[in-house]
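**Student:** Numbering (my numbering), first residue to last: 417 to 826.
#1: Please state whether the Cβ-Cβ distance between residue 718 and residue 729 is less than 8 angstroms.
#2: Would the region 753–770 count as touching the region 654–671 if we require 3 or more Cβ pairs under 8 angstroms?
#3: Is DSSP giving residue 605 helix, strand or coil here?
#4: Can you give me the Cβ contacts of residue 419 inside the same chain, cut-off strictly under 6 angstroms, excluding the 5 residues immediately before and after it?
#5: Less than 8 angstroms between the beta carbons of residue 374 and residue 500, yes or no?
#6: How long is the line joining the alpha carbons of residue 823 and residue 649, rounded to whole angstroms?
#7: So if DSSP puts residue 711 in a beta bridge, which residue, or which two residues, is it bridged to?
#8: Once the 5 residues before and after residue 707 are set aside, which same chain residues still bring their CB inside 6 angstroms of it?
#9: What residue does the alpha helix (DSSP H) around residue 487 start on, and which one ends it?
#10: With three or more C-beta pairs closer than 8 angstroms as the rule, is the region 507–524 touching the region 575–588?
#11: Return the chain-ordered ranges of every alpha helix (DSSP H) run that is complete within the region 677–707 and spans a minimum of 4 residues.
#12: Going by DSSP, what residues sit across from residue 456 in a beta bridge?
#13: Using the C-alpha atoms, what's the distance from residue 600 back to residue 609?
#14: Sort out for me which residues DSSP pairs residue 551 with in a bridge.
#15: Use the C-beta contact count for residue 791: other C-beta atoms within 10 angstroms, 16 or more gives buried, fewer gives exposed.
#16: What are the start and end residues of the alpha helix (DSSP H) that includes residue 571?
#17: By Cβ distance, which residues of its chain are closer than 6 angstroms to residue 731, with the 5 residues on each side in sequence left out?
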């Protein structure tokens with residue numbers, strides 16, 4: 417075709433190279449997703465799902481699978497749907513969806529200090545004669561409505577939407593009914609590992625970590641999980657009543673509010689009542705996020721800890737996440753963008769660092785002691801969120817810049 421068209425102009429060459437790069441990215445992503453695809457049976461049904469890593473992370477993680485579904489929607493829409501079906505296969509009758517599904521029971525570790533044990537119900541399953549859990553008892557950032565919306569936008573598959581919509585609605589109701597103890601519209605996490613950002617410095621004060629030594633870092637980070645498991649066996653009402661380590665997390669609530677907007681969009685056709693509920697709930701949650709978490713002086717949002725809603729002001733990418741919310745006021749968006757463009761904070765040669773460059777806890781190699789991640793280095797998933805948020809708010813130039821940086825980094 418190129419020979420028939422004759423010599424290419426500079427613009428045509430650039431477009432050709434961009435298309436070639438996009439194709440290569442898509443092909444390589446598809447190959448990797450396929451390599452990480454697994455098959456399992458549950459209740460006499462066959463499911464296919466994608467794991468983050470065959471060796472390191474061999475189970476199905478909730479928000480990873482939502483990302484996988486979105487990625488699959490650009491490559492193979494049937495696989496994208498299967499990713500959602502597999503997540504919903506282990507949804508509780510109350511609407512709860514776990515953050516990890518242990519499809520391969522042989523790989524579940526019984527060690528009482530391992531996350532497999534600490535994040536799952538059952539105080540005694542470290543004993544060899546007891547049953548292993550099928551899932552954890554944690555949540556992860558609620559990204560599933562966005563994933564379903566992306567799939568529906570690609571396919572217009574009404575059969576798929578009608579099949580999964582009741583489960584999605586039930587899940588968001590569960591979050592409000594079980595994770596919003598003060599009824600302000602903001603949901604709470606009961607351990608930092610529910611945020612998806614695990615060892616991010618924003619959670620250090622919550623675990624009394626001020627000096628990062630090998631002796632204290634791991635046990636103090638996991639202490640909240642020990643309390644949740646040993647003392648309360650993940651009874652949420654008791655955790656909210658008797659502990660002070662739960663947090664109204666900015667990243668989790670930004671994704672929650674964005675998800676409510678997606679739920680409102682996809683429910684319009686088949687459940688107008690649910691669509692209206694989701695829209696009203698998103699507005700309530702956004703107002704609380706601004707009123708309670710936004711600091712106009714710094715132009716950033718801060719997590720709220722415990723019943724007293726204490727703020728710990730550590731600049732991380734968490735504080736920027738509300739930029740993904742479509743209805744965020746323009747003046748607040750502008751202030752968040754200034755932080756993104758500040759070379760002393762988040763405007764590194766490759767953006768977006770998960771911790772501000774001027775924070776003492778920033779680690780350029782993303783490691784502390786062993787491999788405690790989310791302490792500085794870039795996350796492509798977070799970049800994806802913020803790039804799309806910037807475009808929603810009209811910051812096309814900055815969005816394009818971050819997109820180019822992300823592609824070059826990969």
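Ideal Cβ placement from N, Cα and C applies to all residues, glycine included.
This structure is a prediction, so every number in the text was calculated from the model and none was measured.
**Tutor:** Reading it off the structure:
#1: yes
#2: no
#3: strand
#4: For residue 419, the predicted model reports a pLDDT of 37, less than 50, meaning its position is unreliable and no value from the coordinates is stated.
#5: There is simply no residue 374 to check, as the chain begins at 417 and stops at 826 in what is shown.
#6: 43 angstroms
#7: 716
#8: none
#9: 478–488
#10: yes
#11: 688–704
#12: 463
#13: 23 angstroms
#14: 517
#15: buried
#16: 560–571
#17: 772 and 775
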